[in-house]
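Heads up, the thing below is written out as structure tokens.
See below:
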């Protein structure tokens, strides 16, 4: 009995931290529709600032509390500046370009923190007056955690009063439901957005600052919190404070008891919960169905069926690709193959997000299943390498059939988060199933057949596979099927009224995308010679997203250009600096500001 | 007019002489180091790099190896095996390095090792701890410096087996390192003390620990002793929560690696006392030459050494020694040179075994205590246990390694 009570209290304390971070994220997304990856970075920054301020400020014991407050305020100010100076410039760009900016901010912040505070882990001061423990049901329980359990609901209540008793709060709630309507009524949107960003960042900062007495500070604490925060936001329902609180409690308490009862699946527990919640309640526990924000016909991403490129251009491009291994040094030939793998990966996501209007945060699942499929067919089943290569995309497509069935029932961010949940489940399976997948140590010696092993030969093999994949995608997008898919994207209701079976079509697109991503995985695994669970994790899913946005959503060549530019930048920058994240992030910011529709978008516009 | 027409000729002639002359023979020997310089490995790899740079400066100041200087090219694998393989390829093909060193994470080490096997390149794994690297996935082109999980688990079990504790629990990161660190310890412990029982195992996700519930769960299983293979930020967060809930008063704790300054220094005076750990008591090592090494390290970078510093330093002493013994930089010569290679280091002589490429570098085993003066935890009653003492014999190793 005492165990259950103490475990419940531990879960509640963790829940309150989740709540602080997730409520800010929920607020920002609810109003501005920005998927703010940088939220975790603000959390980290505040923790480090608290660490330094607490040491620097005079005032003895009280210094920590003052430092925490100042750090949260500083981060709030930074959040506001980011909104005004960066994000505001790209609100007119197609949806999700803000996501690319926030991703760049994640990179930049990570390196700034490493540069200023160093890479070693740090432990901050204890909270004065709350450093000890009190006996609870025969066990010691940290008094700081008890204080947090009280503090969390106070913040929730404060937010509730803010939203229900002030004019600003009423506007925020209105904007969460129907942004266009609020704008039409003459409310100054930009001020509203800035203020929301300031408040949201303040909450993230508060969460980070208050973790200082409990956790260790690391330069990777941003990424470890952001995914969980998104999960809470989605389970609770976008833009709902009480929903965020409820979901935090659910996740916090489930995690606490999960380590007792189900230690084996603790690694995916929250994703399984999210998947179940989304399948049962597609808008989260306390969320409301979204109002379609876009006026009919405007196009979510301004993507249209492309004209067929002039045959001469195609021939020239192909010829250049064929000649490449003859002129490039071996290393660059391998880089080209890596770009092929990612071009397929990104192009398949492009089919989903640009043509289909379905943004996936879990596309690495299919890339990874393709890679693992190829490796296992080769090593476990004993298929010859070429057959294992060709069968890999089919395995990935099978996974897409299964997961796609559930995903296409949802829309927008809820769709994205369900794809993420499935990717995490795939990750957990390959990570935990040691006997088959080799667990964390992966599968080694997945090399091409001897007659294909030279870099140049494997290059041509990969080139053929890539051209086939790209042609398949072009055919699909130009077909009546592709046109209907666009109709669904632009106005699902009208398409449905015309008798289109929305879900069946979206499901098909999902499977095609999974197939081509799996092909990319196969190209990748035989290039690298090994496969590991990290290839199915969320950072891997972010890569093609960044490539598609960088290259340009509107054009079918966007993802190909994006993959090439991103990989080349990454390869070249890492050669010259340890602070590659800072440089890459800064270049991404510049590219987004200069090419707000992606690189291909500008090339198209000039024609 | 005439001068300007002649100058290019003069420059060209000069260049030709330079290229053909003795300077060409003096071109540096390039070695590539791939490691996790950003992300989760960064606290360890920064000092590791400083150790390498110090070793290379010292070697080059004495005239280098085979009359040539050593030049190290560093690459960040970002904790991703695929990145590491890309760098390996570039280093060998474009930069013409003669061999590759590094890797902190086990899976990155394995990926590079497999690439090295396929591409016939020598790879000296410095830090990656998985036994698979030199045993089940071992081959001729890979050797490893640090004592692996099996060795460190055995060293700790040999001590713990003499103690009275019967009921054991464990907590470690949910990946290969954590699980193997526990299994080797547990198996050896049961050999020495057959009445040992395991009452609980906990595997939080690496880098995402929520310590409170775990500490409560362990307390309720009421073990006599706890074996910990957490490290980095997980370990720090766990300690803070465990201290507040009185865990260290209620059970004996054994921690693999946790006496390393990397992991104990950030805790300052929150470090738990009385733990049995493997680690690196640099402040108290009496081996001849060691304190001079520490003094040089502190002078160079104005920072105290951590284990990573020593590993980096010894890694490049080994590289230099191998090249010297090989008498050249061709891979087959290096492969042969590493077999049974003996290296004099600040922690005494270390040998790379001919049978599996595992070095005999040892680890210090001791008990933690607080040093109020320096404000950190330290190791006392420590001894350096050489690798030879715990490593399986050549015949046993032969059975562990694939035939090739």
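Residue numbers (this note's numbering), protein chains in the order written: chain Y, 954 to 1560; chain H, 36 to 439. Even for Gly, the Cβ is constructed at its ideal location relative to N, Cα and C. These figures come from a predicted structure and were not determined experimentally.
Who are the Cβ neighbours of residue 1534 (chain Y) in its own chain at under 6 Å, not counting the five residues just before and after it? 1060, 1063 and 1064
Considering only C-alpha positions, which residue in the set H:84, H:205 and H:290 is nearest to residue 306 (chain H)? H:290
On a Cα-Cα basis, can you pick out the residue from H:217, H:162, H:169 and H:257 that is closest to residue 201 (chain H)? H:257
Beta-carbon separation (whole angstroms), residue 1029 (chain Y) vs residue 1178 (chain Y), contact threshold 8 Å: Going by Cβ atoms, the distance from residue 1029 (chain Y) to residue 1178 (chain Y) rounds to 17 Å, so no, they are not a contact pair.
Would you say residue 1288 (chain Y) reaches chain H, if we count a Cβ-Cβ gap shorter than 9 Å as a contact? yes
If I follow the unbroken beta strand (DSSP E) through residue 399 (chain H), where does it start and stop? 398-406
Please tell me whether residue 1131 (chain Y) has its Cβ less than 9 Å away from any Cβ of chain H. no
6 Å Cβ shell around residue 963 (chain Y) - same chain, five flanking residues per side excluded: 1209
Short-range partners of chain H found in the stretch 1081-1112 of chain Y, where Cβ spacing is below 9 Å: 1084, 1085, 1086, 1092, 1093, 1094, 1095, 1096, 1097 and 1098
I need the straight-line Cα distance from residue 417 (chain H) to residue 340 (chain H), nearest angstrom please. 18 Å
Can at least three beta-carbon pairs, one atom from the stretch 1490-1504 of chain Y and one from the stretch 1408-1418 of chain Y, be found at a separation below 8 Å? no
Output yes or no for whether 9 Å exceeds the beta carbon distance between residue 83 (chain H) and residue 95 (chain H). no
Start and end residues, alpha helix (DSSP H) containing residue 232 (chain H): Here residue 232 (chain H) belongs to no alpha helix (DSSP H); instead the beta strand (DSSP E) covers 232-237.
Mapping the DSSP letters down to three states, classify residue 202 (chain H) as helix, strand or coil. strand
Can you tell me where the alpha helix (DSSP H) with residue 992 (chain Y) in it begins and where it stops? 992-1009
Comparing the C-beta of residue 247 (chain H) with each C-beta of chain Y, is any distance below 9 Å? yes
Taking the continuous beta strand (DSSP E) assigned at residue 178 (chain H), which residues delimit it? 177-179
Tell me whether residue 413 (chain H) is buried or exposed, calling it buried when 16 or more other Cβ atoms sit within 10 Å of its Cβ. buried
Excluding the 5 residues preceding and the 5 following residue 1251 (chain Y) in the sequence, name in chain order all residues of the same chain whose CB lies nearer than 8 Å to its CB. Residue placement at residue 1251 (chain Y) is flagged as unreliable, the pLDDT there being 39, under the threshold of 50; the coordinate-derived value follows with that caveat. Excluding positions up to five away in sequence, the list reads 1443.
Neighbourhood of residue 231 (chain H) by C-beta distance below 7 Å, restricted to the same chain and skipping five residues each side: 201, 203, 224 and 225
Using only alpha-carbon positions, find the residue among H:319, H:404, H:342 and H:228 that is nearest to residue 311 (chain H). H:404
Could you tell me which residues DSSP pairs with residue 1356 (chain Y) in its beta bridges? The partner list for residue 1356 (chain Y) (beta bridge, DSSP) is empty, contrary to what the question assumes.
Tell me, please, whether the CB atom of residue 1459 (chain Y) is closer than 9 Å to any CB atom in chain H? no
Residues that residue 317 (chain H) contacts on chain Y, provided the C-beta gap is smaller than 9 Å: The premise fails here: residue 317 (chain H) is roughly 16 Å from chain Y at the closest Cβ pair, so nothing lies under 9 Å.
Check whether chain Y comes within 9 Å of residue 81 (chain H), counting only Cβ atoms and requiring the distance to be less than that. yes
Applying the 10 Å Cβ sphere with the 16-neighbour rule, what's the burial state of residue 1272 (chain Y)? exposed
Beta-carbon neighbours of residue 184 (chain H), restricted to chain Y and to distances below 7 Å: None at all; the shortest Cβ gap to chain Y is about 12 Å.
How about residue 211 (chain H) and residue 1393 (chain Y): are their beta carbons less than 9 Å apart? yes
Given that residue 145 (chain H) touches chain Y, what residues does it touch there, using C-beta distances under 8 Å? 1394, 1395, 1397 and 1483
If you measure from the beta carbon of residue 101 (chain H) to each beta carbon in chain Y, is any gap under 9 Å? no
Kindly examine the ligand MN and report whether one of its heavy atoms sits closer than 8 Å to the Cβ of residue 1347 (chain Y). Among the components modelled here there is no ligand, and therefore nothing to report on the ligand MN.
Name the two residues that bound the continuous beta strand (DSSP E) containing residue 160 (chain H). 158-160
In the structure shown, what three-state DSSP assignment does residue 261 (chain H) receive? strand
C-beta atoms of residue 1256 (chain Y) and residue 1517 (chain Y) nearer than 9 Å: no
Within the continuous alpha helix (DSSP H) that includes residue 1442 (chain Y), where are the two ends? 1433-1443
Are the C-beta atoms of residue 203 (chain H) and some chain Y residue less than 9 Å apart? no
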